[in-house]
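Protein chains in written order, with the numbering used here: chain D, 1 to 254; chain F, 255 to 508; chain S, 509 to 762; chain L, 763 to 1016.
Notes follow the structure.
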């Protein structure tokens, strides 16, 4: 199990200084002119960000932060009730739900769009048709499209796409997302909304965020949302009630 | 196990709208004038924030985000190597390390300061002396003071305290932190730095953040730092090397 | 952060042999005469076990394995629904609920009993009375006693205590548990059952299991129970229904 | 998000009785004639087990329990050092490493074997050749075969296969595992060991354990091993040393 010796470029210390990558934490980053979102994304992506990119990431993080009483927050509240001395365990339990079925679909959408991005014109359209045909033949959901509640359109996606249109940078992912949406609508004969996860995937794709890291961005946003759920538990505890309600709702049957 | 019926004030939906508390997500929060930090802290604390408070939270989050190769990031990298298909599991593993020994000390510091805050003058000083005496008699570390590396002063704390001095709001926690530091220095006959965790606890105490929620803020900041560690693993994988190095360093002995 | 060089006594390998502590895995432990429970407890406690001890641990593990639809299994089922590709995440989420409020009380009970164990006769009784008085004055529950459902007696405890009576070894914890129960009944003027957690704590105390490790034994037992819950999800999925039921039961209120 | 009303068959209570499925816990399962392994596997699989099957599961669980200082136990020890008040968090962190790269390969191996099991004679052999060809063309490892240390043969697999040969039940998975091993040896022109994970997958396949549940069995076994690691930390703490060693081994480089 040999491996060449790895290094880390994230952080180093001296007696009286701390560095995040090549920046002096106190002098360069805590001077009041940089926000947490800018610093963390630059830290994760290892590059500086434009003003527009900072706005886009702020918008994505706000959008992905909160979804109400979902499996993720139900898990967090249940664990918190059992181990309130250990808040990080409740948050960790909730984050473990950022998997293939919900927020984690962002990666799958990004991988689909990545098939369209290098193509142009009729080639891109043919590939979009192939993607739709594949999913229809397997009778599976196309990640990034459709929402069980928001019809005809997810209001968050409209706002996110507007923001993408304002970008001075490349829009290959954004255009591919819209094209695929058109092909879907045509194929199904009805309009299917681009959902918020799909819009976030396209915006991040155009900023060169690797698909794996997109799920990480979702995890950060959800961690904030889950802290709000635990904070609400302090004032309006629901854990015991959830237990009771679920217990009553699922009867015993051999 | 009866409990009065709880409610939630965090999120609600209609067909074409999403609300975070009493705010329309798209119209009120995604209009480009609000950042993620402002929105998430307002969501967690259920109140609006001043410009100065937003700056303070940004500074705290940046400060707590990254600490290099610590037990938390070692755990995250080790889990990522074993289950790369499951990034949220690696982040969750790393967050489980936000416990009593490191970042979680923020709560203990806040609880100590809360003993001083309601007192004034000589009463406050006597209570500070009592706190020091208690810890010395139990030979335990006083949370919020001392750092294994940064001497004589933690550069982050100096910056954080400066920021606190600029506040127009109450400074009871901040003043208590400084007073307790003076009593510690006098008692031990040498200067012990206020560490970054102590400074963050005082700043948040003066903004009425409940001690339990302080640990939650630390968890959010760390989740961003851990995503940077996993992002670095994609380019410079270290998990297998960590395994090898640890295995070699800890020999078998019956 | 210096520390003397640690070692490990758990496992070593050669090309064609594996050792667990000083035992050859294949020749000594997989010869068909040793069960998993015996091997794992010997591995954890680093000592051989008597036949009676093996029976006691089997009984404890069976007793702690399953508790139906609790916060722990609700968390596991919720996470499984969101990330079915990642079964270990669902189990981990459920185990995070083994905290201070339920199974983790085993440690607190063991620590109470440890105050009685070194005493005899009237001294032990006086200390038991002191323990009851402390908890009554703080209006807190005495860990190991009482059950919200099983009255007058928890049927599992009766069986566990019978098993303890059959032991040829020391019974200081068992006798302390019964004495404390008598003092509680007298003080409250009514019978309060010794619960299963209390009985397990006493049986393990008499086998010299450290209190911290008792929680670990509970974690192992629960991991088996949680796998049964996930296995049931494969045939009778409940995660989406739990989401729906909880969402409907907790209305929005500002 | 509608779903037909689910039920649970795992556990029910009355005032003075507890049932696991259709068995009375105290009278039927805690009568001293049933061990934890038998009870938990019957609970998970929802069927009774033969004596031979109980022996096989005991052997599998012992085999998968312990692997020394691996990413899983390094994560658990690192988290334990940071949050010792929260043992379940350390175990959960370690279990999160039961993913695609190590123990979780058991599922992938079972799915490969499931392609051979329905076939016979030359058809089975042709499918085995197809499996080998697929993996060679993708230059990926065939799960269940090869071991970085144990050559020419993994001693655990030899013992596990012997046990499988003693079965009176079906051996379709076992025979498929051996056949695929022969085809691999022939294709590569050298002997590649059947590893312990492969042998466990085949034994469980022949007992009708669903592939998803196999990973669950591995999780239970690992939870026991991880408790032994934490128990060792109580006597020979290594967490701080691991931190130091890893920190020293991975230098900063921009």
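Where is the CB? At the ideal position from N, CA and C, for every residue including glycine.
Burial state of residue i, where buried means 16 or more other Cβ atoms lie within 10 Å
i	result
residue 753 of chain S	buried
residue 342 of chain F	buried
residue 123 of chain D	exposed
residue 387 of chain F	exposed
residue 261 of chain F	exposed
residue 413 of chain F	buried
residue 232 of chain D	buried
residue 809 of chain L	exposed
residue 161 of chain D	buried
residue 53 of chain D	buried
residue 996 of chain L	exposed
residue 932 of chain L	exposed
residue 447 of chain F	buried
residue 777 of chain S	No answer is possible for residue 777 of chain S: it lies beyond the span of chain S, which begins at 509 and ends at 762.
residue 497 of chain F	buried
residue 452 of chain F	buried
Beta carbon of residue i nearer than 8 Å to that of residue j
i	j	result
residue 964 of chain L	residue 875 of chain L	yes
residue 362 of chain F	residue 409 of chain F	no
residue 827 of chain L	residue 951 of chain L	no
residue 823 of chain L	residue 985 of chain L	no
residue 438 of chain F	residue 399 of chain F	yes
residue 14 of chain D	residue 200 of chain D	no
residue 564 of chain S	residue 715 of chain S	yes
residue 887 of chain L	residue 941 of chain L	yes
residue 353 of chain F	residue 35 of chain D	no
residue 291 of chain F	residue 37 of chain D	yes
residue 216 of chain D	residue 481 of chain F	yes
residue 609 of chain S	residue 83 of chain D	yes
residue 459 of chain F	residue 364 of chain F	yes
residue 807 of chain L	residue 971 of chain L	yes
Beta-carbon proximity list for residue i, same chain, < 6 Å, skipping 5 on both sides
i	result
residue 852 of chain L	838, 841, 842 and 992
residue 418 of chain F	428 and 457
Residues near residue i by beta carbon distance below 7 Å, same chain, minus five either side
i	result
residue 506 of chain F	none
residue 1000 of chain L	839
residue 567 of chain S	668 and 671
residue 703 of chain S	652, 653, 654, 655, 662 and 665
residue 248 of chain D	none
residue 119 of chain D	127
Sequence-distant residues of its chain with Cβ nearer than 8 Å to residue i (five each side left out)
i	result
residue 97 of chain D	70, 71, 72 and 75
residue 279 of chain F	271, 272 and 273
residue 29 of chain D	20, 23 and 39
residue 2 of chain D	With a pLDDT of 48 at residue 2 of chain D, under the threshold of 50, the predicted position of this residue should be treated as unreliable, though the coordinate-derived value follows. None.
residue 623 of chain S	635 and 639
residue 129 of chain D	183 and 187
residue 135 of chain D	141 and 142
residue 551 of chain S	518, 528 and 529
Beta-carbon neighbours of residue i, restricted to chain A and to distances below 9 Å
i	result
residue 931 of chain L	In the displayed structure, chain A is absent; the protein chains listed are D, F, S and L.
Taking the runs of the alpha helix (DSSP H) that are 4 residues or longer, which of them lie wholly in the region 849-897 of chain L? 849-857 and 867-878
Check distances from the C-beta atoms of the region 372-389 of chain F to those of chain D and list, in chain order, the residues that come in under 7 Å. none
Jot down the residue ranges of each uninterrupted alpha helix (DSSP H) in the region 150-229 of chain D, minimum 4 residues, whole runs only, in chain order. 155-165, 172-188 and 196-205
Just by C-beta distance, which residues in the region 774-793 of chain L are closer than 8 Å to chain S? 774, 775, 777, 778, 779, 780, 782, 787, 788, 791 and 792
Every unbroken alpha helix (DSSP H) inside the region 810-834 of chain L [4 residues or more]: 813-827
Between the region 199-224 of chain D and chain L, which residues of the former have CB atoms less than 7 Å from a CB of the latter, in chain order? none
Compile a chain-ordered list of the residues in the region 317-342 of chain F whose CB is closer than 9 Å to at least one CB of chain S. 337, 339, 340 and 342
Listed from N- to C-terminal order along the chain, which residues in the region 239-253 of chain D have their beta-carbon within a distance smaller than 7 Å of any beta-carbon of chain L? 250, 251, 252 and 253
Residues from the region 133-162 of chain D in contact with chain F, defined by Cβ distance under 7 Å: 149, 150, 151, 155, 156 and 159
Would you list, in chain order, the members of the region 858-877 of chain L that have their beta-carbon closer than 8 Å to a beta-carbon of chain F? 858, 859, 860, 861, 862, 863, 864 and 866
To be precise: take each residue of the region 186-199 of chain D, compare its Cβ to all Cβ atoms of chain F, and keep it if any distance is under 8 Å. Which residues remain? none
Under 9 Å, CB to CB, which of the residues in the region 804-819 of chain L have a partner in chain S? 805, 806, 807, 808, 816, 817 and 819
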